[in-house]
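*Asks:* A single structure is presented below for examination.
Number of protein chains: 2
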Amino acid sequence: MDLKARAAAHPDHWSKANAIRALALDAVAAANSGHSGMPIGMADAATVLFEKHLNFDPTAPNWPDRDRFILSAGHGSMLLYALLHLTGYEDMTLEQIKNFRQWGAITAGHPEYGHATGIETTTGPLGQGISNAVGFAMAEEIQRAHYGKKVVDHYTYVIAGDGCLMEGVSQEAITLAGRHQLSKLVVLWDNNNITIDGPVSLSDRTDQVGRFVSAGWDVIEIDGHDPVEIDAALTRAKKNQKPTMIACKTHIALGHAAQDTSKGHGALTNAEQNTAAKAAWGWTTGPFEVPDAVLQSWHAIGARGKAAREAWEARFDSLPRGKRETFNRAYALEVPKKLSATVKAFKKQMSEGAPKLATRASSEKVLEVINPIMPETVGGSADLTGSNNTKTSDLGVFDTDNRGGRYVYWGIREHGMAAAMNGMALHGGLRPYGGTFMCFTDYARPAMRLAALMKIPTVFVMTHDSIGLGEDGPTHQPVEHLAISRATPNTYVFRPADTIETAESWELALSSKTTPSVLSLTRQGLPTVRTEHKTRNMVAQGAYVLADAVGKRQAILMATGSEVSLAMAARDILHAEGIGTRVVSMPCWELFEEQDEALRKRVLPGGPVRVAIEAGIRMGWDRWLFGERGKREKSGFIGMHDFGASAPADVLFKELGITAEAAAQKVRDLLAGKWKPDTRV
Amino acid sequence: MDLKARAAAHPDHWSKANAIRALALDAVAAANSGHSGMPIGMADAATVLFEKHLNFDPTAPNWPDRDRFILSAGHGSMLLYALLHLTGYEDMTLEQIKNFRQWGAITAGHPEYGHATGIETTTGPLGQGISNAVGFAMAEEIQRAHYGKKVVDHYTYVIAGDGCLMEGVSQEAITLAGRHQLSKLVVLWDNNNITIDGPVSLSDRTDQVGRFVSAGWDVIEIDGHDPVEIDAALTRAKKNQKPTMIACKTHIALGHAAQDTSKGHGALTNAEQNTAAKAAWGWTTGPFEVPDAVLQSWHAIGARGKAAREAWEARFDSLPRGKRETFNRAYALEVPKKLSATVKAFKKQMSEGAPKLATRASSEKVLEVINPIMPETVGGSADLTGSNNTKTSDLGVFDTDNRGGRYVYWGIREHGMAAAMNGMALHGGLRPYGGTFMCFTDYARPAMRLAALMKIPTVFVMTHDSIGLGEDGPTHQPVEHLAISRATPNTYVFRPADTIETAESWELALSSKTTPSVLSLTRQGLPTVRTEHKTRNMVAQGAYVLADAVGKRQAILMATGSEVSLAMAARDILHAEGIGTRVVSMPCWELFEEQDEALRKRVLPGGPVRVAIEAGIRMGWDRWLFGERGKREKSGFIGMHDFGASAPADVLFKELGITAEAAAQKVRDLLAGKWKPDTRV
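Those protein sequences? They're chains A and B, same order as listed.
Under full-length UniProt numbering, think of the first position of the first sequence as 1, with each following residue one higher.
Under full-length UniProt numbering, think of the first position of the second sequence as 1, with each following residue one higher.
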C-alpha cells in the first residue's frame with residue numbers, strides 16, 4: 001500500500017490515525033510486551049468511528065445514552081487506551097500510557113472494566129466482547145421501549161478480530177443478534193488475515209460474509225484504511241434494519257517491517273524497525289509525543305459530544321419524576337424500597353404454608369413477587385424455560401415486535417446467554433438473570449468468570465443441581481460444579497434448602513452491586529425446613545443454626561440445599577437415640593467466610609463430631625470439617641465421590657449412599673471413634 | 001402428512017422404521033422419562049443409514065474400520081438403543097431397553113460411552129457429538145495416510161439436532177471440518193423446527209444451509225421421511241469432496257398427538273395418545289413387541305457387515321508385521337516398549353545439564369524425544385503453537401495435502417479442539433494432545449469433563465499456568481483453574497516443577513488408558529530442582545520428598561510447579577536459621593491420593609508445621625494442610641486470594657506475596673505460635 005498517497009489523500013485523518021499507531025507502538029515497546037499490530041491496523045477505522053459517529057463525552061464517561069464502544073479484540077488494548085487518552089478522558093493520562101502493563105497502572109494488558117473510565121467491558125478472552133455487545137444492544141432496545149427514544153437511543157459498536165469470530169460463542173451471539181434484528185449493533189471486523197500461528201487460512205477458511213448473512217446480518221465490505229469508505233459504511237450501518245458487520249480489509253502492523261505477518265500481531269520491540277515504521281507513516285515526533293495540532297484535533301473530537309449529552313440531560317429532566325427515579329435507581333443498582341417488605345411478607349406466607357417444592361419452583365414463586373416491583377430485571381433461559389422456572393407472568397417476551405419484553409428465549413446458547421447477560425449488566429439499568437442446568441455451568445464458565453472479574457452482579461440460575469435430577473444421567477448431573485463456582489473469586493454460590501432460603505438468596509443476589517451470584521436449585525421437591533418465620537435474612541449470614549441439639553450437643557450436621565432436609569431427618573434419627581445433634585444450614589459459604597470469628601464459632605463450635613452432607617464432591621468442605629475448630633478424625637462427609645448415574649433420583653440417593661441413615665451412621669461411627677478416610681477425602 | 005400413503009409407498013422401510021418408533025415410545029413411557037419425539041422423527045433417516053450405508057458388524061462392534069455413527073442429539077438415546085438392539089448387538093437386550101434409564105441398566109438417559117457396545121461417544125451436552133465427529137473424521141484421514149486405504153477407509157455419520165447447531169462449539173467444529181475438507185464426514189440434521197421452549201424461530205432464524213455452505217460444506221436438503229431421498233442424499237454425500245450436511249426436514253413425534261410441538265420433544269407418556277400414534281403408524285403389536293418378520297429384516301441389516309469385516313481382517317493380516325503391531329498397540333493404548341528407556345535417558349541428561357527452562361519449553365523437549373517413538377501422538381494448539389510449545393520437528397502439519405501430518409493448527413477454537421481431540425481418542429489408534437492457555441480451561445471445560453466421564457486419556461496441555469504469565473493480566477491468569485480440574489473426577493492434574501518432572505508427567509499422561517490429563521505448565525523459566533538423577537518416576541507417586549530437613553524436622557513446605565523452587569529457596573533461608581525444613585513436591589494430587597496411608601505418612605508425617613505454596617487459590621489444599629496429620633493452627637498457605645493483575649511476573653509474585661521469604665516468614669510465625677486465618681482460608 002502506498003502510505004504516502006494515503007497520507008496525501010486525507011492528511012488530517014492520517015495524522016490522527018498516526019497518533020494512535022505511534023502511541024500503541026511506543027507503549028508496547030516500552031512494556032516490551034503487548035500487541036502492536038492490531039491498533040496500528042485498525043487505527044483508521046477507530047479514528048473515523050470516534051471522529052464522525054461515536055456519541056460520547058469524556059467529561060461524562062458514564063452518561064447513560066452514550067454510544068458504547070467495545071474492543072472485543074482486547075489484546076489490542078492500546079488502541080482503546082490511545083483513543084481514551086487522545087479524546088481527553090481525564091484518568092487516561094500520558095503517564096498511564098507510558099506505564100502500560102505495569103503494576104498499579106490502569107492500562108492493563110487487556111482492557112479491564114472498572115480500571116479506567118471508557119472501558120465498557122473486560123475483553124481479552126476472545127469472543128466475549130462481541131457477545132457482551134449483543135447484550136448491550138438488547139439492553140438498549142429494552143430500555144428504549146421502557147423510557148422512550150428521547151432518553152434511550154444509542155448504538156453499540158464493536159471491533160472484533162479473526163479470533164473473536166472463530167470462537168464458537170461468537171456464533172451464538174451473532175445468530176441471536178440476527179434473530180432479534182438488533183439494528184443498532186455494528187461490528188467492525190478487523191479482517192487482517194493473521195492469527196498468532198500464521199495466516200488465518202492455516203486453520204480457517206470460513207466465508208465470513210456468507211456466515212453473517214446466514215445469521216440475518218447486513219454485511220458491508222470495505223478497505224479498512226480508507227476513511228471515506230469507513231465513514232460511508234458506518235453511515236449506512238446506522239440506518240440498517242438489521243445488525244451490520246463491516247468487514248474492514250486491513251493490514252496488521254501497517255507500514256511496519258512486520259506488516260501482514262503473525263509477528264506483527266505481537267509486541268513490536270525492534271527500535272530500528274519501529275523508527276522505520278514511524279517514518280513510513282510520516283510521524284516525526286519522539287516517543288509518546290503527539291504534536292499539538294494533532295492532539296487539539298483529537299480533543300475537539302472528544303468535545304464533540306458535550307452538547308448532545310447536555311441536550312439529553314434536559315430531555316431526561318423532562319421525564320416524569322417517577323420514571324427518572326426508577327431509571328436512576330436501576331443504574332445505581334439500588335433495589336426498590338419495597339423489596340425488603342415484599343420478601344418478608346412472602347417468607348411469612350411460605351413459612352406458614354410450608355409447601356413441598358423444588359427450589360426451582362420456589363424460585364419462580366419468589367420471582368413472581370419480585371419481578372413486578374423491579375422493572376429492571378430481565379429473565380431468560382437457554383431453552384429450558386419450563387425446567388428453570390425463570391419466566392414469570394408479567395415479564396412479557398422480548399421480541400422484534402415487543403422490545404419492552406423482559407423475558408429472553410436465549411435458545412441453546414448457554415455461553416452466549418451468560419456473555420450477553422454480562423453485557424446487559426454492563427450497559428446499566430437492567431438486572432439480568434438467566435437459567436440453564438447447573439451442569440452447563442461448563443458452557444457458560446468463560447462469561448461467569450468475567451462477571452466475577454468485572455465485579456458485576458449477573459445472576460446465574462442453575463437448576464437440576466445434583467444427582468437429584470435423576471434419569472438424565474451423569475452428563476447432566478453436576479458433581480464438581482458447586483466446587484467450580486465456589487473456587488471462583490468474587491462469586492456468591494447460593495444453595496438454598498427451601499422456599500424461604502430461596503427468597504433470601506434472591507434478595508441478596510438482587511441487592512448485590514459487585515458480585516455475581518450462582519443460584520443452585522433443585523429439580524426435585526423439598527420440604528420447607530424454615531417453618532418458623534424470621535424477618536431476618538438468615539442466608540445473609542452464610543450459615544446458621546437451623547435446629548439445635550436437644551440435650552448434650554454431640555454432633556453437628558452441616559448441609560446445603562436439598563441435603564438440609566436429609567440432615568434434619570438424620571437429626572431426628574439421632575435424637576431418638578439420645579444423640580444431641582445440631583443442624584447447620586450453609587446456603588452461602590462466601591458470606592459465612594465474611595462473618596467474624598465469634599459468630600462462626602457460635603455456629604460451628606469445637607467439640608462435637610461433624611458430618612457434612614452435600615450431593616457434590618467434597619472439595620472445599622475440609623475447611624468446615626477439619627478447620628474452624630473441627631478435627632479430621634472427628635468428621636465425615638456424605639456426598640459424591642465420582643460422576644453420577646442414570647436412574648430415578650430417589651434410587652440414586654439411596655444407591656450412592658446420600659441418605660439420612662448414612663449421615664446418622666457416620667455420626668455414630670465417629671462418636672465410637674471409628675473414623676475412616678474417604679476414598680477421595 | 002399422509003402416513004398411510006407413506007407406509008404403502010415403502011412398506012418394508014416403513015415397518016422397520018416403525019420398530020424404532022415403537023421401541024422408543026414404549027421405553028420412554030415405561031421409564032416415564034426421556035425423549036420420544038426425536039427417535040420417532042429420525043427413525044426413517046436412521047433406518048436408511050443403517051440398512052444401506054453404515055458399514056458395521058454387531059458381532060465385532062470395535063472393528064477398527066467400521067463406519068462410526070454418532071448421535072449428537074444424545075437425548076434421543078432410544079434411537080440408538082433401538083438400532084443396536086434391532087441389529088443384534090449382543091449386550092443391547094430387550095431387557096435393557098425395558099430398563100431404559102434405570103439403575104444398573106446400560107441404557108442410560110443419554111448414551112454413555114463404555115456402557116454398551118456400539119456407543120461411540122457420550123452425548124447429551126449438545127454440540128459435543130458433532131464436534132467429536134470432526135475428530136473422528138480427522139483421525140480416519142490421519143490413519144488412512146499412515147496405514148493405507150486398504151485398512152482405513154470409513155465414514156463418520158452424525159445425527160445432530162437444532163440444539164447441536166445452536167451451540168457455539170458446533171461452529172468451531174463445522175468450520176474446522178470445512179477447512180480440512182473432511183469429505184468422509186456426513187451430518188444428518190434433524191430439521192424439525194422444535195426446541196424445548198417452542199418453535200426454533202423463537203430463538204433462532206439462522207439460514208443453516210447458508211451457514212454450512214459458508215463453512216465449506218456441501219448441503220443437501222431432503223424430506224427426512226422419504227427413504228428414497230434419504231438414500232440418494234447419503235449416496236451423494238459419500239462421493240463428496242467436502243463434508244456434507246443433509247438437512248432432513250422432519251416431524252418431531254411423527255404421527256403422535258404431540259407431533260410438531262415442543263411437548264413432542266419430551267417424554268410422551270399418555271397411554272391413549274401413544275396407542276393412537278401406533279395405530280397411525282400401522283403398528284399393531286403390544287409394548288416392546290417387534291414382529292418376527294421385522295426383527296428378521298433388522299437382523300439381516302446387522303448381518304450385512306460381517307463379510308466386509310472379514311475381508312478387512314484379511315487385508316489387515318497382509319500388512320507388514322511391524323505395521324500391524326503398531327496399529328494394534330496404538331488401538332490397545334499400549335505405549336511402545338522404548339518409552340520407558342527413552343524417558344529415563346532424557347531425565348538423566350536433564351538432571352546433569354540442569355537447564356533453567358519454562359516447563360512449557362521442558363514439555364517441548366520431552367515431546368521431541370517421545371513423538372518420534374510414538375507415531376500415534378497427534379499434537380496441536382488453539383492458535384498458540386509458539387506459546388504452548390506443542391509442535392515438534394518431526395510431526396508434520398495435518399492438511400488437505402498432508403493427511404499424515406500429526407500436528408493440527410486448531411485455530412482459536414479451544415472448545416472445538418478439546419471435543420475433536422476426544423473424538424480422535426475415541427476413534428482409536430491415536431493419542432491426541434493439544435494446548436491452550438490454562439485460563440482457557442474455561443472454554444474447553446465441557447469437553448474436558450466428558451473426557452473424564454468417558455474415561456479416555458486425552459491430554460490437555462495448559463501453559464501460562466499462573467500469574468507467572470505476567471503482563472497479559474487477570475483475564476489470562478488462571479487462579480481457580482487448578483482447583484477446577486482437580487475437582488473433576490477421573491482427571492490427573494500434573495503440575496511439574498522442572499524438566500524432569502515434566503518428562504515424568506508426560507510418561508504418565510501417555511501411559512494412561514482411562515484417565516485424561518491436564519498438564520499445567522509455566523510461561524516463566526524455572527531452575528531444575530531434580531538435579532540428582534533417579535530412574536524411578538517420582539511423579540507416579542503423586543507427591544514425594546524432594547529435599548529433606550537438615551537437622552530436626554520443624555517444617556514441611558508443600559508446593560507444586562513453579563512454586564517448588566520457591567519452596568527450595570525458603571528451605572535455604574530456614575536452614576540458615578537452623579530450622580530443619582522438608583520440601584515436598586506434589587505434582588499430582590490424584591496419584592498421591594491413590595497411595596496407601598503408610599506412604600502418605602512417610603511423606604507428610606505429623607508434627608512439623610506445614611506451609612503450602614501454590615500460585616492458585618487455596619481450595620483443595622486443606623486436605624494436605626489440616627488433614628493427613630496436619631493441624632489448622634500449625635499450617636499456612638502462600639498463594640492467591642483473588643484474581644491477578646497486569647505486570648511483569650516477578651513484580652506480581654512479589655506484590656502478591658508469593659515469595660520464598662513470605663513462605664519462610666509463615667514458617668517462623670507458625671513455629672512461634674502466631675497462626676492467623678487466611679482472608680479466605
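Glycine included, C-beta positions come from ideal geometry on N, C-alpha and C.
Kindly confirm or deny that the stretch 445–462 of chain A and the stretch 508–523 of chain A touch, where touching means at least three C-beta pairs closer than 8 Å.
*Replies:* With a cut-off of 8 Å, the stretch 508–523 of chain A and the stretch 445–462 of chain A count as touching, because enough Cβ pairs lie within range.
*Asks:* Measure the C-alpha to C-alpha separation of H427 (chain B) and D67 (chain B) and round it to an integer number of angstroms.
*Replies:* Taking the second sequence and counting its residues from 1, the one referred to as residue 427 (chain B) is at position 427. Taking the second sequence and counting its residues from 1, the one referred to as residue 67 (chain B) is at position 67. If you take the alpha carbons of H427 (chain B) and D67 (chain B), they lie about 10 Å apart.
*Asks:* Taking the alpha carbon of I467 (chain B) as the reference point, which residue from B:D226, B:A612, B:I159 and B:L652 has its own alpha carbon closest?
*Replies:* The residue you call residue 467 (chain B) lines up with position 467 of the second sequence. Checked all of B:D226, B:A612, B:I159 and B:L652; the closest Cα to I467 (chain B) is B:L652.
*Asks:* Taking only beta-carbon atoms, is S520 (chain B) less than 8 Å away from chain A?
*Replies:* Stepping through the second sequence from its first residue, residue 520 (chain B) is reached at position 520. Closer than 8 Å: no.
*Asks:* Going by DSSP, what residue range makes up the beta strand (DSSP E) through K249 (chain B)?
*Replies:* For this step, residue 249 (chain B) is matched to residue 249 along the second sequence. It spans T244 to K249 - the beta strand (DSSP E) in which K249 (chain B) sits, taken as one unbroken run.
*Asks:* Hey, does Q241 (chain A) have any beta-carbon neighbour from chain B nearer than 8 Å?
*Replies:* Position 241 of the first sequence holds residue 241 (chain A). No - not a single Cβ of chain B is within 8 Å of the one on Q241 (chain A).
*Asks:* What is the DSSP secondary structure of Q171 (chain A), reduced to helix, strand or coil?
*Replies:* The sequence position of residue 171 (chain A) within the first sequence is 171, counting from 1. Residue state, collapsed to three classes: helix.
*Asks:* Any C-beta of chain A sitting closer than 8 Å to the C-beta of R211 (chain B)?
*Replies:* As a position in the second sequence, residue 211 (chain B) is number 211, starting the count at 1. By this cut-off, R211 (chain B) is an interface position.
*Asks:* For chain A, find out if any of its Cβ atoms is closer than 8 Å to the Cβ of G178 (chain B); answer yes or no.
*Replies:* Residue numbering aside, residue 178 (chain B) sits at position 178 when the second sequence is read from its first letter. Chain A, which has a Cβ nearer than 8 Å to the Cβ of G178 (chain B), makes this yes.
*Asks:* Does the beta-carbon of S201 (chain B) have 16 or more other beta-carbons within 10 angstroms, so that it is buried, or is it exposed?
*Replies:* Translated into positions along the second sequence, residue 201 (chain B) becomes position 201. The residue is exposed, with fewer than 16 neighbouring Cβ atoms inside 10 Å.
*Asks:* Give me, in chain order, the residues of the same chain whose beta-carbon lies closer than 6 Å to that of G161 (chain B); leave out the 5 immediate sequence neighbours on both sides.
*Replies:* Reading the second sequence from its first residue, position 161 is the one you call residue 161 (chain B). So the list reads A73 and D190, once near-sequence residues are dropped.
*Asks:* Along chain B, which residues have their Cβ under 9 Å away from the Cβ of W675 (chain A)?
*Replies:* Your numbering for residue 675 (chain A) matches position 675 in the first sequence. Those within 9 Å of W675 (chain A) in chain B number zero; the least Cβ separation is about 11 Å.
*Asks:* Alpha helix (DSSP H) containing Y443 (chain A): first to last residue?
*Replies:* As a first step, residue 443 (chain A) must be located in the first sequence, where it is residue number 443. Y443 (chain A) -> alpha helix (DSSP H) spans T441 to M454.
*Asks:* Determine, for F643 (chain B), whether the minimum Cβ-Cβ distance to residues of chain A falls below 8 Å.
*Replies:* Counted from its first residue, the second sequence places residue 643 (chain B) at position 643. Taking Cβ atoms only, chain A reaches closer than 8 Å to F643 (chain B), which makes this a yes.
*Asks:* Of all the residues that make up the stretch 329–352 of chain B, which are near chain A by a beta-carbon distance shorter than 9 Å?
*Replies:* From the stretch 329–352 of chain B, no residue has a Cβ closer than 9 Å to chain A.
*Asks:* Within 8 Å (strictly less), CB to CB, does I556 (chain B) reach chain A?
*Replies:* Position 556 of the second sequence, counting from 1, holds the residue named residue 556 (chain B). No, because no Cβ of chain A sits closer than 8 Å to the Cβ of I556 (chain B).
*Asks:* Considering only the beta carbon of each residue, do D153 (chain A) and D65 (chain A) sit closer than 8 Å?
*Replies:* Numbered from its first residue, the first sequence carries residue 153 (chain A) at position 153. Numbered from its first residue, the first sequence carries residue 65 (chain A) at position 65. Yes, the Cβ-Cβ distance between D153 (chain A) and D65 (chain A) is below 8 Å.
*Asks:* Around the C-beta of V335 (chain A), are 16 or more other C-beta atoms found within 10 angstroms, so that it is buried, or is it exposed?
*Replies:* For the purposes of this step, residue 335 (chain A) is taken as residue 335 along the first sequence, with counting starting at 1. Looking at its Cβ environment, which holds 16 or more other Cβ atoms inside 10 Å, V335 (chain A) is buried.
*Asks:* Applying the criterion that 16 or more other CB atoms from any shown protein chain within 10 Å of the CB defines a buried residue, is A8 (chain A) buried or exposed?
*Replies:* Position 8 of the first sequence, counted from the first residue, corresponds to residue 8 (chain A). It is exposed - the Cβ of A8 (chain A) has fewer than 16 other Cβ atoms within 10 Å.
*Asks:* CB-CB under 7 Å to A229 (chain A), same chain, minus the five flanking residues each way: which ones, in chain order?
*Replies:* The residue you call residue 229 (chain A) lines up with position 229 of the first sequence. Reading the sequence as shown, one finds Glu at residue 229 (chain A) and not Ala. I222 and D223.
*Asks:* Taking G118 (chain B) as the reference, which of B:Q102, B:K98 and B:A82 has the closest Cα?
*Replies:* Here residue 118 (chain B) refers to the residue found at position 118 when the second sequence is read from its first residue. When each option's Cα is compared against that of G118 (chain B), the closest is B:A82.
*Asks:* If you measure beta-carbon to beta-carbon, which residues of the stretch 31–44 of chain B are closer than 8 Å to chain A?
*Replies:* Taking 8 Å as the Cβ-Cβ cut-off against chain A, the residues of the stretch 31–44 of chain B that qualify are A31, S33 and G34.
*Asks:* Would you grab the beta carbon distance between P243 (chain A) and V48 (chain A) for me? Rounded to a whole angstrom, and I think it's under 8 Å.
*Replies:* Stepping through the first sequence from its first residue, residue 243 (chain A) is reached at position 243. Stepping through the first sequence from its first residue, residue 48 (chain A) is reached at position 48. Not confirmed; about 19 Å, so no contact.
*Asks:* Using the rule of at least 16 other Cβ atoms within 10 Å of the residue's Cβ for burial, across every protein chain shown, is E590 (chain B) buried or exposed?
*Replies:* For the purposes of this step, residue 590 (chain B) is taken as the residue at position 590 of the second sequence. E590 (chain B) is buried by the Cβ-count criterion.
*Asks:* For a contact meaning CB atoms closer than 8 Å, what does Y409 (chain A) contact in chain B?
*Replies:* For this step, residue 409 (chain A) is matched to residue 409 along the first sequence. The answer, in chain order, is D197, G198, L202 and S203.
*Asks:* According to DSSP, is L526 (chain A) helix, strand or coil?
*Replies:* Numbered from 1 along the first sequence, position 526 holds the residue referred to as residue 526 (chain A). It is a strand residue.
*Asks:* Kindly say whether H13 (chain A), judged by its beta-carbon, lies nearer than 8 Å to any beta-carbon of chain B.
*Replies:* Start at 1 with the first residue of the first sequence, and residue 13 (chain A) comes out as number 13. Not one chain B Cβ lies under 8 Å of H13 (chain A).
*Asks:* For M619 (chain A), return the contacting residues in chain B, with the cut-off set at a CB-CB distance below 8 Å.
*Replies:* For the purposes of this step, residue 619 (chain A) is taken as residue 619 along the first sequence, with counting starting at 1. Simply A483, R486, A487, M619 and G620.
*Asks:* Taking 8 Å as the cut-off, does the stretch 135–148 of chain A touch the stretch 396–414 of chain A (at least 3 CB pairs, one atom from each stretch)?
*Replies:* Touching, yes.
*Asks:* Taking the straight line between their C-alpha atoms, what separation do you get for V290 (chain B) and A19 (chain B)?
*Replies:* Counting from 1 along the second sequence, the entry for residue 290 (chain B) is found at position 290. Counting from 1 along the second sequence, the entry for residue 19 (chain B) is found at position 19. Between V290 (chain B) and A19 (chain B), the C-alpha separation is close to 6 Å.
*Asks:* N191 (chain B) bridges to which residues according to DSSP?
*Replies:* By one-based count along the second sequence, residue 191 (chain B) stands at place 191. For N191 (chain B), which the question treats as bridged, DSSP gives the partners B:K249.
*Asks:* Is it the case that the Cβ atoms of N62 (chain A) and G423 (chain A) are separated by a distance below 8 Å?
*Replies:* Start at 1 with the first residue of the first sequence, and residue 62 (chain A) comes out as number 62. Start at 1 with the first residue of the first sequence, and residue 423 (chain A) comes out as number 423. Their beta carbons are not under 8 Å apart, which means N62 (chain A) does not touch G423 (chain A) by this criterion.
*Asks:* If you follow the beta strand (DSSP E) that G351 (chain B) is in, where does it begin and where does it stop?
*Replies:* In the second sequence, counting from the first residue as 1, residue 351 (chain B) sits at position 351. The sequence shown places Ser at residue 351 (chain B), rather than the Gly named in the question. From DSSP, S351 (chain B) is part of no beta strand (DSSP E) but of the alpha helix (DSSP H) over K338 to G353.
*Asks:* Looking at the unbroken alpha helix (DSSP H) that takes in T581 (chain A), where does it start and where does it end?
*Replies:* As a working note, residue 581 (chain A) is residue 581 in the first sequence. T581 (chain A) -> not in any alpha helix (DSSP H); beta strand (DSSP E) instead, spanning G580 to S585.
*Asks:* Under three-state DSSP, which class holds R68 (chain B)?
*Replies:* Here residue 68 (chain B) corresponds to residue number 68 of the second sequence, with the count starting at 1. Here R68 (chain B) sits in strand by DSSP.
*Asks:* Give the residues of chain A in contact with G124 (chain B), contact being defined as C-beta atoms less than 8 Å apart.
*Replies:* As a position in the second sequence, residue 124 (chain B) is number 124, starting the count at 1. D472, G473, T475 and H476, listed in chain order.
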